[in-house]
Amino acid sequence: MTANYQLIIITGVSGTGKTTLGTSLSQKLSLPFYDADLFHPKENIAKMSNGIPLTDQDRQPWLEALASKLEESKKSGGCILACSSLKESYRKILAGGNDIKWIHLKGDRDLIWDRMKARKNHYMKAEMLDSQFSTWEEPNYGKKLSIDQTPTEILEEVLDYLKK
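If you read the sequence shown in the working numbering, its first letter stands for residue 22, the second for the next number, and so on.
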């Protein structure tokens, strides 16, 4: 039986272009887009703003809120979520038994570092990138895409993947 909703989660370390891709994909598919960063409690944002990496305990309520949002969105046809989802345990919480289309953005640390340094007014500090890379557990499923191409090329690749 085919689901009557579409849940898409875009993962990757900070600075890989999850929000850029999610926004474009949302427009193409007419699905709402949610940026997981906007669901963090104030305590998490304060820690990250001060350059302190989050613990699994810090992330638990955030991940549960995101999983609830995904579940709720099924009623209206689904959604697209941009979320780092660095560990497999985080992805399991988000999936919650749902049929998820996973998009994993990957790139060279130096390229991502340069992108992050160019950001303005983002609480995730570029200096925390190494902690994200050391936490990242690469999944063996979903569509893996190199960010060493244009946003349009990435979008086209994702749209092709979703058609299959």
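C-beta: ideal position from N, C-alpha, C; glycine also.
Let's test the definition: count the other Cβ atoms within 10 Å of the Cβ of residue i and tell me whether it reaches 16, buried, or not, exposed.
i       : result
Gln-170 : exposed
Phe-54  : buried
Lys-39  : buried
Gly-99  : buried
Met-22  : Because Met-22 sits at a pLDDT of 44, beneath the cut-off of 50, its placement in the model cannot be relied upon, and the following sentence gives the value as read from the coordinates. So Met-22 counts as exposed.
Gly-36  : buried
Ala-86  : exposed
Gly-128 : buried
Leu-166 : buried
Leu-59  : exposed
Ala-103 : buried
So which of the options has the shortest CA-CA distance to residue i?
i       : options                               : result
Ala-57  : Ile-73, Glu-159, Gln-81 and Pro-172   : Gln-81
Ile-21  : Leu-28, Val-34, Asn-25 and Tyr-26     : Since the first residue shown for the chain is 22 and the last is 185, residue 21 is missing from the structure and cannot be characterised.
Leu-183 : Thr-173, Leu-150, Leu-75 and Lys-164  : Lys-164
Glu-158 : Asp-131, Pro-62, Lys-108 and Ser-152  : Lys-108
Asp-181 : Asp-129, Leu-50 and Ala-67            : Leu-50
Ser-152 : Leu-126, Met-69, Asn-25 and Leu-59    : Met-69
Thr-76  : Val-179, Ile-121, Leu-102 and Thr-156 : Thr-156
His-125 : Leu-52, Pro-160 and Asn-71            : Pro-160
Leu-52  : Gly-117, Ile-101, Ile-168 and Ile-121 : Ile-101
In chain order, what residues of the same chain lie with their CB nearer than 7 angstroms to the CB of residue i, ignoring the 5 residues before and after it?
i       : result
Ser-106 : Ile-30, Thr-32, Arg-112 and Leu-115
Phe-154 : Val-34 and Arg-130
Leu-84  : Tyr-111, Ile-114 and Leu-115
Tyr-162 : Trp-123
Ile-73  : none
Glu-178 : Leu-166
With DSSP as the reference, identify every bridge partner of residue i, one or two as the case may be.
i       : result
Leu-126 : Leu-166
Gly-99  : Gln-27
Tyr-55  : Leu-102
Thr-32  : His-125
Between residue i and the rest of its own chain, which residues show a CB-CB distance below 8 angstroms, the 5 nearest in sequence each way excluded?
i       : result
Leu-176 : Leu-42, Ser-45, Leu-46 and Lys-49
What residues in its chain sit with their C-beta under 6 angstroms from that of residue i, if we drop five residues either side in the sequence?
i       : result
Pro-172 : Thr-41
Tyr-26  : Lys-95, Gly-98 and Gly-99
Asn-119 : Leu-28
Any 3 or more C-beta pairs closer than 8 angstroms across the stretch 91-103 and the stretch 61-71: no
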